[in-house]
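Undergrad: Here it is, the structure in full.
2 protein chains.
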Amino acid sequence: MGNKPKVSNAIIRRLPRYRRYLGYLQTKGVKKVSSNELSEMIGYTASQIRQDLNTFGEFGQQGYGYEVDKLYKEINRILGLDREYKTVVVGVGNLGQAITNYTYYYKIGFNIMGLFDVNPKIIGNWINDVEVMDYSKLEDYVKREHIDIGIICVNRENAQEVADRLIEGGVKGIWNFAPIDLVVPAGVALESVHLSDSLHALSFMIKSMDQSSDKSR
Amino acid sequence: MGNKPKVSNAIIRRLPRYRRYLGYLQTKGVKKVSSNELSEMIGYTASQIRQDLNTFGEFGQQGYGYEVDKLYKEINRILGLDREYKTVVVGVGNLGQAITNYTYYYKIGFNIMGLFDVNPKIIGNWINDVEVMDYSKLEDYVKREHIDIGIICVNRENAQEVADRLIEGGVKGIWNFAPIDLVVPAGVALESVHLSDSLHALSFMIKSMDQSSDKSR
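Chains as they are written, first to last, in the numbering used here: chain C, 1 to 217; chain V, 1 to 217.
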């Protein structure tokens, strides 16, 4: 690996939010924005925002702020959204289909090239012009088509094996929806969406609030 | 509000992971586990784990560790998973349907009582024994049925209005899938799943790795 300074996980989480707000400002026709204005919208401090953006270059001007269009474009570039990615979805159940539709619908540069499943009843079906193929062909397909990202929508028991096959095939990143913390080698990016963890965190917050209001009565 | 010590967001994120690993140990028939063993599996330090669990009570025994079944049950209780929640889903597009199916399939105590949409073509349809109702009836329904949680699967533009209606109806929590940071009053729990942010974080990590390996060549 190189000697590029490693960017903290916290910044990686904040960058997409900056992008989201700048995209919103763009649709509203806003041309420039200060770090103070961004701070009021996003909730991070203005100095935090300036520091984050300074990590990647000099985008603002003292006393002027940021040009919205330019900063939006820069953040897209920083996030690697100035290119397209070839992806496959493994596991074409409800969630797999939803993620396929979501990714297709939003046209966000993550092109789903193939869908894979073990269920003979759905192999050969087409979803949004993409064919459902036999899982046994996954690794060959990923190699041949130079797939960048594998999206895992199978159950917990099978998720690590799917990840191993994707990695053998040469993917650079995995977007995991299975409720398990996958193990991947250095050099492969892993991002997980744990829906049940999220729902349980919500449940905890509701419970905590109930208890607070009981005590204050 | 009461004077209960507020639990940090970091602990709220860790608790569902403890639950996930303990559930896994349970399915494997493991009866007891030490904080060191948990640490190796989960990746947090053993002292972090002990400290987190001590926040909620004395669950372990010095030199013995934790009883898996008992700790799993306790964490369920702490997370508020020892009760059932009544939920509604607003926005029955691809994602709304997937979340409905997901929640239905896993039988995890979050019972979907009603689905709501504005599209006359799908109002009156049934998904997993739940009817799609007219969005205009949302607030009345939430009040009448004492709905606990509203799940928002509409687009960015409409999400805040949906949240306001759900809150007027009396929900205690919102599980938000729209790509926007909703504003909710104190006393209402908010948990968001920002799929696009997650995908953009993955993209960033892939890009960073590409650059590292370019430099090291």
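For glycine and all other residues, C-beta sits at the position ideal for the given N, C-alpha and C.
Predicted model, so just to flag it, every value in this text is computed and none were measured.
Using a C-beta to C-beta distance shorter than 7 angstroms, which residues of chain V count as neighbours of residue 80 of chain C?
TA: Result: 203, 204, 206 and 207.
Undergrad: Is the beta carbon of residue 206 of chain V closer than 7 angstroms to that of residue 173 of chain C?
TA: Yes, the pair counts as a contact, with Cβ atoms nearer than the cut-off.
Undergrad: Taking 7 angstroms as the threshold (C-beta atoms), are residue 41 of chain V and residue 21 of chain V in contact?
TA: Taking 7 angstroms as the Cβ cut-off, residue 21 of chain V and residue 41 of chain V qualify as a contacting pair.
Undergrad: What residue range does the alpha helix (DSSP H) around residue 132 of chain V cover?
TA: It is not in any alpha helix (DSSP H) - residue 132 of chain V instead sits in the beta strand (DSSP E) that spans 130 to 134.
Undergrad: Does any residue of chain C bring its CB to less than 7 angstroms from the CB of residue 126 of chain V?
TA: Taking Cβ atoms only, chain C never reaches closer than 7 angstroms to residue 126 of chain V, which makes this a no.
Undergrad: Assuming residue 104 of chain C and residue 116 of chain C are in contact, meaning their beta carbons sit under 8 angstroms apart, how far apart are those beta carbons, in whole angstroms?
TA: That belief does not hold up - the Cβ atoms of residue 104 of chain C and residue 116 of chain C are roughly 16 angstroms apart, past 8 angstroms.
Undergrad: Anything in chain V within Cβ reach of residue 163 of chain C, meaning under 9 angstroms, just list it in chain order.
TA: Result: empty, since nearest Cβ-Cβ is about 14 angstroms, beyond 9 angstroms.
Undergrad: Are there 16 or more other CB atoms within 10 angstroms of the CB of residue 126 of chain C, so buried, or fewer, so exposed?
TA: Burial call: exposed.
Undergrad: Hey, residue 49 of chain V and residue 35 of chain V: beta-carbon distance below 7 angstroms or not?
TA: Yes; because the gap between Cβ atoms is below 7 angstroms, this pair is in contact.
Undergrad: Tell me the DSSP secondary structure of residue 204 of chain C in three-state form.
TA: Three-state DSSP puts residue 204 of chain C in a helix.
Undergrad: If distances are taken between C-alpha atoms only, which option among V:79, V:71, V:197 and V:160 comes closest to residue 185 of chain V?
TA: Nearest of V:79, V:71, V:197 and V:160 to residue 185 of chain V, Cα basis: V:160.
Undergrad: Can you name, in chain order, every residue of its own chain whose Cβ lies under 7 angstroms from the Cβ of residue 84 of chain C, other than the five neighbours on each side?
TA: Cβ neighbours of residue 84 of chain C beyond the five flanking positions: 109 and 111.
Undergrad: In whole angstroms, give me the CA-to-CA distance for residue 138 of chain C and residue 144 of chain C.
TA: If you take the alpha carbons of residue 138 of chain C and residue 144 of chain C, they lie about 10 angstroms apart.
Undergrad: Going by DSSP in three states, residue 73 of chain V sits in which element: helix, strand or coil?
TA: Three-state result, residue 73 of chain V: helix.
Undergrad: Taking the alpha-carbon positions, what's the residue 89 of chain V to residue 100 of chain V distance?
TA: If I take the Cα positions, the gap works out to 7 angstroms.
Undergrad: Within 10 Å of its beta-carbon, does residue 14 of chain C have 16 or more other beta-carbons around it, so buried, or fewer, so exposed?
TA: Looking at its Cβ environment, which holds 16 or more other Cβ atoms inside 10 Å, residue 14 of chain C is buried.
Undergrad: Which bits of chain C does residue 8 of chain V rub up against, with CB to CB less than 8 angstroms?
TA: The contacting residues do not exist; residue 8 of chain V stays about 12 angstroms from chain C at best.
Undergrad: From residue 150 of chain V to residue 121 of chain V, what does the alpha carbon distance come to, in whole angstroms?
TA: Computed Cα separation, rounded: 22 angstroms.
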